[in-house]
Structures are given as C-alpha cells and as structure tokens.
Amino acid sequence: MEFLEKYWWLIIIFLIGVFINHLVELNKIDTKKYYKKPGQKNPDETKKE
1 MEFLEKYWWL IIIFLIGVFI NHLVELNKID TKKYYKKPGQ KNPDETKKE
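Counting in the UniProt record's numbering, the final residue of the sequence shown is number 49, and the numbers go up one at a time with none missing.
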C-alpha cells in the first residue's frame, strides 16, 4: 500500500494514456465497412470504375 500512497498519480496518468490511446484507435475504424451487406461492393470501389 505504500507504493499506492506515493505513486498514485503515476497510475492515474497511465490510465488516462490508455483511455486516450483507445479513443484514437476507435476513430481509425471505418464504420462504413461494417454497415455494408455481405456481397455488396464497397461504394468507393464503384466510383473508380
């Protein structure tokens, strides 16, 4: 418990960093990919043709 009393702020900073990292990674996900039906082409690919 002595470690927690002295270094509680390091644990808080670590948890905030993990939380921010998860938010950044979640923003990178392409949500349109999950909404398309199986067998349907990607809308971006049809524009190229």
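Cβ coordinates follow ideal geometry from the N, Cα and C atoms, glycine included.
#### Entry: Simplified DSSP assignment, three categories, for residue 17
helix
#### Entry: residue 5 versus residue 12: straight-line alpha-carbon distance, rounded
12 Å
#### Entry: Length of the line joining the Cα atoms of residue 18 and residue 29
17 Å
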